[in-house]
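When we follow the UniProt record's numbering, the leftmost residue of the sequence shown carries the number 1, and every step to the right adds one. Glycine is no exception: its CB is placed at the ideal position from the N, C-alpha and C atoms.
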Amino acid sequence: MGVCQEVNINFTWMKNMNDVNRRIVLDERPRYIIPTANCFRVVTEPKPRAGKGEMLLRNLWLSMDPYLLSKVKRFSQQGEPLALGETMNGLAVAQVLSSDNPDFAAGDMVMGLLPWADYVATDGRRAVKLKVQLPRLASVPGALGYAGFTAYLAVMVTGKAQQGETVVIGSANSGLAQIAAQLAKRQGARVVGISLGEHQCSVPPAQLGFDAYIDSRSETFAEQLRASCPRGVDLYIELVGGDVLDKVLPLLNLRARVVVAGLKALYTAPGLPEGPDRTMLFLNEVMVKRLQVLGLVNFDHVKEHYSEFKKAMVAWINAGEIQVVENVVDGLENAPRALQTMFESNAYGHVVVRADA
Ligand SMILES: NC(=O)c1ccc[n+]([C@@H]2O[C@H](COP(=O)([O-])OP(=O)(O)OC[C@H]3O[C@@H](n4cnc5c(N)ncnc54)[C@H](OP(=O)(O)O)[C@@H]3O)[C@@H](O)[C@H]2O)c1
1 MGVCQEVNIN FTWMKNMNDV NRRIVLDERP RYIIPTANCF RVVTEPKPRA GKGEMLLRNL
61 WLSMDPYLLS KVKRFSQQGE PLALGETMNG LAVAQVLSSD NPDFAAGDMV MGLLPWADYV
121 ATDGRRAVKL KVQLPRLASV PGALGYAGFT AYLAVMVTGK AQQGETVVIG SANSGLAQIA
181 AQLAKRQGAR VVGISLGEHQ CSVPPAQLGF DAYIDSRSET FAEQLRASCP RGVDLYIELV
241 GGDVLDKVLP LLNLRARVVV AGLKALYTAP GLPEGPDRTM LFLNEVMVKR LQVLGLVNFD
301 HVKEHYSEFK KAMVAWINAG EIQVVENVVD GLENAPRALQ TMFESNAYGH VVVRADA
């Protein structure tokens, strides 16, 4: 996998020059579903200047999140795609270099929806001051961003995991699942993770809250799952979609909850899966077992739950109760490759780009 194309450059000497800025722009739509490095190019230009009431930011960490796919596709249900030639943007952590905005001062750390660039001049409307400290700044995008917040909502707010219950979580290698597992464990639940491959992360599954960790590609997947859930399943957190739900369905207990928070297999599939349509089977289970199926999109809950979540998550991480696993890719120019990595099933943890490396 190569880095994205660079234009206008003699890059080696420019990289360290303080007056140069690099931006990653969308150059073409994905030719085959997943955005590859070729979809982007690096534009080099003079460093931007902050105008009246603005501040100048240095991006430090870019967060790779699945919803970014919606920005590069031609059509998306999740948001307005970028036009070709526009600068890619997403959740990022940055430092204020200088500020003419009274709400921010040089040295402040901020988090916000920011362009993928070395430097950003902004009025600050899309950024908030990061007033908390975590052992590693790299953990912030995953722990306090979409993945951590959605994990919290899925386990504590929408799914309401309880002591003694069995919680099954799809896409167990993902950053979101790893945080959700630890939260469910804290609640006193038995936690079973289902991944699309072997456990990839250097941190053992048990340390991430999983009592059992099952590869859905295994020939004995259904048997392993049944054996891992001897008292059935009370809460299923769906992050991936596809065949896994078929195997979880018969194990769901009466009045179990199914929180649908992600369908990653669908985002990268060329079309609907072949074979019989299982919708009626699913709906029959919903009726017979009085299941509660709950759709979850994090931004519905920001006003009501984000501050309580942030306070709790920062305390848990600083007390060593929740571990956040980052999958670090160095260099702004490698952000497109990092985005691609996130849609490959051998990824693990929350993918972040060290923009200033
Ligand atoms: N509803 C919301 O508000 C909300 C917010 C944030 C995220 N989400 C969803 O939560 C899920 C996880 O998000 P995240 O931010 O934690 O993502 P992430 O860390 O980037 O997820 C990477 C994981 O996705 C799985 N994966 C990669 N390619 C795949 C493919 N082609 N087919 C199936 N699985 C694939 C792999 O896990 P395995 O090997 O374990 O399968 C990989 O480790 C996504 O579905 C995302 O859309 C929802």
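| Asked | Found |
| --- | --- |
| Run of the beta strand (DSSP E) containing M109, from where it starts to where it stops | 109–115 |
| Contiguous beta strand (DSSP E) assignments of at least 3 residues, all confined to the region 24–79 | 40–46, 55–63 |
| Beta-carbon contacts of residue 359 that lie in its chain and below 6 Å, excluding the five residues immediately before and after | Because the chain in this structure spans residues 1 to 357, residue 359 falls outside the shown range and cannot be described. |
| Pair within 7 Å by beta-carbon distance, G107 and M55 | no |
| Where K129 sits in the DSSP three-state scheme | strand |
| V25 CB to nearest heavy atom of ligand 1 below 6 Å | no |
| M342 CB to nearest heavy atom of ligand 1 below 6 Å | yes |
| Contact test: N334 Cβ vs ligand 1 heavy atom, cutoff 6 Å | no |
| Own chain residues within Cβ distance below 8 Å of V20, not counting five before or after | M14, T44, E45, P46, K47, D118 |
| Nearest-angstrom Cβ-Cβ length linking A184 and A161, presumed shorter than 8 Å | 5 Å |
| V192 in three-state terms, based on DSSP | strand |
| Span of the alpha helix (DSSP H) around S307 | 302–318 |
| Expected contact under 8 Å - CB spacing of V233 and A256 to nearest Å | 6 Å |
| Runs of alpha helix (DSSP H) wholly within the region 204–257 (minimum 4 residues, chain order) | 221–228, 244–248 |
| Candidates Y348, F343, T122, P336, of which the one nearest L62 by Cα | P336 |
| Meets three-Cβ-pair contact criterion under 8 Å: the region 320–329 and the region 291–298 | no |
| A177 versus F104 - alpha carbon distance | 34 Å |
| L176 beta carbon near ligand 1 (any heavy atom closer than 6 Å) | yes |
| With 16 other Cβ atoms within 10 Å as the buried cut-off, status of D65 | buried |
| Those residues which DSSP pairs with residue 369 across a bridge | No information on residue 369 is available, as it lies outside the stretch 1 to 357 that the chain covers here. |
| The region 282–291 contacting the region 303–317, beta-carbon criterion three pairs below 8 Å | no |
| Close-in-space but distant-in-sequence residues of the same chain around S98 (CB under 7 Å, 5 per side omitted) | A50, M55, L56, A106 |
| Residues sharing a beta bridge with E326, DSSP | H350 |
| Coarse secondary structure for S98, derived from DSSP in three states | strand |
| Alpha-carbon to alpha-carbon, R190 and E165 | 6 Å |
| Pairwise C-alpha distance: K131 and A121 | 21 Å |
| For G331: DSSP bridge partner residues | Answer by DSSP bridge pairing: none, since G331 is not bridged. |
| Distance CB(S218)-CB(V244) smaller than 7 Å | no |
| Check whether L69 and G145 have beta carbons under 7 Å apart | no |
| A172 Cβ short of 6 Å to ligand 1 heavy atom set | yes |
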